[in-house]
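Enquirer: Below is one structure. I have some questions about it.
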Amino acid sequence: MIKAALIGVSSYGRVHLRMIDHMVAKGELELVAATVINQEEEAELCAKLKAGGCELFRDYEEMLAAWKGRLDLCMIPTPIFLHEEMTMAALEAEANVLIEKPLAPETEACRRIIERAKAADRFVAVGFQKMHCPVTRQVKRDLAAGVLGELREIRGITLWPRGVHYFSRNAWAGRVSVGDSLVLDSPVSNAAAHFLHLMLYWAGGSTDSVASIVSSLRAETFRANDIENFDTASLRGETEAGVPVTFIASHASRETVNPTIRIVGTKGEIEWIKDEAAYYRIDGEPERRYDLTGDEEEVRAMIEAIARRIAGEDAELCEPVHALPHAEVVEALYRGFEPQSIAESFVEEVESDGGVFRVVKGLEDIAVNAFERGVLFSEVGAPWGGVKVAPLRK
0 MIKAALIGVS
10 SYGRVHLRMI
20 DHMVAKGELE
30 LVAATVINQE
40 EEAELCAKLK
50 AGGCELFRDY
60 EEMLAAWKGR
70 LDLCMIPTPI
80 FLHEEMTMAA
90 LEAEANVLIE
100 KPLAPETEAC
110 RRIIERAKAA
120 DRFVAVGFQK
130 MHCPVTRQVK
140 RDLAAGVLGE
150 LREIRGITLW
160 PRGVHYFSRN
170 AWAGRVSVGD
180 SLVLDSPVSN
190 AAAHFLHLML
200 YWAGGSTDSV
210 ASIVSSLRAE
220 TFRANDIENF
230 DTASLRGETE
240 AGVPVTFIAS
250 HASRETVNPT
260 IRIVGTKGEI
270 EWIKDEAAYY
280 RIDGEPERRY
290 DLTGDEEEVR
300 AMIEAIARRI
310 AGEDAELCEP
320 VHALPHAEVV
330 EALYRGFEPQ
340 SIAESFVEEV
350 ESDGGVFRVV
360 KGLEDIAVNA
370 FERGVLFSEV
380 GAPWGGVKVA
390 PLRK
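Residue 323 in numbering that gives the first Met the number 0 sits at position 324 of the sequence shown; the count goes up by one each step and never skips.
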């Protein structure tokens with residue numbers, strides 16, 4: 000029986016609680032401890048947890064000290080700027096770790112986690128749960144087997160409108176830093192991070208590798224909302240093997256463009272569209288489809304893989320080394336490209352049942368055009384996207 004602890008039960012903590020409930024129902028996991036700093040707000044849930052035998056704490060360090068050496072797993076669905084310190088503390092308590100994505104805002108923090116996990120002889124799983132989908136692994140195997148021939152290009156787009164409330168929901172949304180701690184919250188690092196990470200994974204040369212594009216990265220980052228970081232970005236780089244990777248993402252569109260990834264090879268292409276379809280077209284052959292899974296199935300597959308690893312079985316996880324190339328891109332965007340505020344003449348405020356949204360006029364057409372051509376916003380004539388920005392931060 001896996002003995003697990005949880006740091007945080009609100010917000011994304013609810014997803015971790017569903018994973019826990021799934022494993023409890025299977026008789027494979029017991030939630031023995033949880034840190035809940037807002038116990039008054041979560042009184043009903045706290046009562047339920049205590050009734051199930053879970054010991055509650057208000058401080059995660061106190062929890063880890065009390066349970067040191069007795070935990071198999073510590074689950075950490077907390078704000079980005081707390082990821083490193085909480086992961087290190089859980090490893091010090093001799094627990095394996097499930098940490099939410101992104102692993103950390105800076106690559107050096109990621110490397111410190113890698114070294115600490117190795118020294119502790121424990122694993123750290125990163126919550127890029129789409130790596131645990133059967134279709135994700137099948138696409139990777141097909142690419143490695145040469146189904147598409149030589150890999151020529153990977154392009155991705157995600158337009159997910161987010162209202163003004165999204166950026167005021169907590170103290171770190173859209174922020175570059177909180178106090179002395181980097182956050183680097185953006186669609187690239189947070190909501191759309193899964194899809195950039197998928198692209199880098201599929202671009203990796205071997206079945207277990209994730210490609211890096213940071214050495215050749217070009218990017219344009221913008222904000223339509225009143226935030227520190229950016230809500231809209233186009234970026235392009237090449238893998239070590241010279242494969243171009245282009246990613247378009249925004250929270251400032253009027254319409255949704257579901258996360259889409261297109262993998263182009265010399266023999267055909269694979270297209271993956273979240274919650275809709277995944278298929279490949281090989282020149283001269285009938286279209287073939289992959290079976291998709293939903294978000295809930297993905298997180299269940301992830302926690303089940305973690306359980307197998309704890310039991311000493313072989314299990315494919317997204318570990319820090321696999322999350323590092325994504326963190327490289329996030330940090331490079333911060334170090335090298337200053338976000339530009341989009342002029343008010345290109346922005347309008349619209350209201351819906353979901354609240355007030357600040358949207359960039361014509362963004363959908365520009366973004367889709369950039370995706371189809373595999374270029375940056377300025378290269379398709381975006382009137383707000385032509386500013387050349389030199390690296391600013393060291």
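Just so it is clear, CB atoms sit at the ideal spot from N, CA and C, and this is done for glycine as well.
(1) Assign Gly-264 to one of two classes, buried (16 or more other C-beta atoms within 10 Å of its C-beta) or exposed (fewer than that).
(2) Can you tell me which of the three DSSP states Gln-137 falls into?
(3) Measuring CA to CA, which of Leu-70, Glu-350, Phe-122 is closest to Asp-313?
(4) Quick check: what's the CA-CA separation for Met-22 versus Gly-335?
(5) If I measure Cβ to Cβ from Thr-34 and keep anything under 6 Å in the same chain, skipping five residues before and after, which residues do I get?
(6) Would you grab the beta carbon distance between Leu-70 and Ala-3 for me? Rounded to a whole angstrom, and I think it's under 8 Å.
(7) What are the uninterrupted segments assigned as alpha helix (DSSP H) that are 4 or more residues long and contained completely in the region 58-126, given in chain order?
(8) For the alpha helix (DSSP H) that contains Glu-295, what are its first and last residues?
(9) Between the alpha carbons of Gly-126 and Thr-86, how many angstroms are there, rounded?
(10) Taking 7 Å as the threshold (C-beta atoms), are Leu-291 and Val-134 in contact?
(11) Note the first and the last residue of the continuous alpha helix (DSSP H) segment covering Ile-365.
(12) Of all the options Glu-40, Phe-80, Ile-212, which has the alpha carbon lying nearest to the alpha carbon of Glu-152?
(13) State the DSSP-derived secondary structure class of Gln-128, mapped to helix, strand or coil.
(14) According to DSSP, is Ser-9 part of a helix, a strand, or is it coil?
(15) On the DSSP bridge list, what partners appear for Gly-267?
(16) What residue does the beta strand (DSSP E) around Phe-246 start on, and which one ends it?
(17) Am I right that Leu-332 and Thr-106 are in contact with their C-beta atoms under 8 Å? What's the rounded C-beta distance?
(18) Between which residues of its own chain and Ala-304 is the CB-CB distance below 7 Å, once the five residues before and five after are set aside?
(19) Scan the region 148-216 and note each continuous alpha helix (DSSP H) run of 4 residues or more that stays entirely inside, going in chain order.
(20) Over what stretch of residues does the alpha helix (DSSP H) that includes Arg-334 continue unbroken?
(21) Using 8 Å for Cβ pairs, my map puts Leu-97 next to Ile-113. What's the rounded Cβ distance?
(22) Could you compute how far the alpha carbon of Ala-389 sits from the alpha carbon of Glu-337?
Expert: In short:
(1) Counted from its first residue, the sequence shown places residue 264 at position 265. Looking at its Cβ environment, which holds 16 or more other Cβ atoms inside 10 Å, Gly-264 is buried.
(2) Residue numbering aside, residue 137 sits at position 138 when the sequence shown is read from its first letter. Helix, per DSSP.
(3) In the sequence shown, the residue the question calls residue 313 occupies position 314. The shortest C-alpha separation from Asp-313 is found at Phe-122.
(4) If you number the sequence shown from 1, residue 22 lands on position 23. If you number the sequence shown from 1, residue 335 lands on position 336. Going from the Cα of Met-22 to the Cα of Gly-335 covers about 43 Å.
(5) Position 35 of the sequence shown, counted from the start, is the residue given in the question as residue 34. For Thr-34, where only same-chain residues beyond five positions count, the Cβ hits under 6 Å are Ile-6, Phe-56, Tyr-59, Met-62.
(6) To locate residue 70, count along the sequence shown from 1; it is residue 71. To locate residue 3, count along the sequence shown from 1; it is residue 4. With 8 Å as the limit, Leu-70 and Ala-3 qualify as a contact, their Cβ atoms being about 7 Å apart.
(7) 59-65, 82-91, 106-119
(8) Along the sequence shown, one-based indexing puts residue 295 at 296. Looking at the DSSP string, the run of the alpha helix (DSSP H) that includes Glu-295 is 294-309.
(9) Here residue 126 refers to the residue found at position 127 when the sequence shown is read from its first residue. Here residue 86 refers to the residue found at position 87 when the sequence shown is read from its first residue. Going from the Cα of Gly-126 to the Cα of Thr-86 covers about 13 Å.
(10) Residue numbering aside, residue 134 sits at position 135 when the sequence shown is read from its first letter. Residue numbering aside, residue 291 sits at position 292 when the sequence shown is read from its first letter. Yes.
(11) Residue numbering aside, residue 365 sits at position 366 when the sequence shown is read from its first letter. Start and end: 362-372.
(12) Locating residue 152 in the sequence shown gives position 153, counting from the first residue. It is Ile-212.
(13) On the sequence shown, position 129 is the one that residue 128 refers to. Three-state DSSP puts Gln-128 in a helix.
(14) By 1-based counting over the sequence shown, the position of residue 9 is 10. Correct three-state label for Ser-9: coil.
(15) Numbered from 1 along the sequence shown, position 268 holds the residue referred to as residue 267. Answer is Ile-281, bridged to Gly-267.
(16) Here residue 246 is taken as the residue at index 247 of the sequence shown, counted from 1. Taken as a continuous stretch (DSSP letters only), the beta strand (DSSP E) holding Phe-246 covers 243-249.
(17) Taking the first residue of the sequence shown as 1, we reach residue 332 at position 333. Taking the first residue of the sequence shown as 1, we reach residue 106 at position 107. Between Thr-106 and Leu-332 the Cβ distance is about 12 Å, and since that is not below 8 Å, they are no contact.
(18) In the sequence shown, the residue the question calls residue 304 occupies position 305. Closer than 7 Å at the Cβ level, and outside the excluded window around Ala-304, lie His-131, Ala-314, Glu-315, Leu-316.
(19) 192-202, all fully within the region 148-216.
(20) Here residue 334 refers to the residue found at position 335 when the sequence shown is read from its first residue. It spans 319-335 - the alpha helix (DSSP H) in which Arg-334 sits, taken as one unbroken run.
(21) Numbered from its first residue, the sequence shown carries residue 97 at position 98. Numbered from its first residue, the sequence shown carries residue 113 at position 114. Contact flag wrong, Cβ pair sits at about 16 Å.
(22) Counting from one through the sequence shown, the residue named residue 389 turns up at place 390. Counting from one through the sequence shown, the residue named residue 337 turns up at place 338. Residue placement at Ala-389 cannot be trusted, given a pLDDT of 41 that sits under 50; the coordinates are not used to answer.
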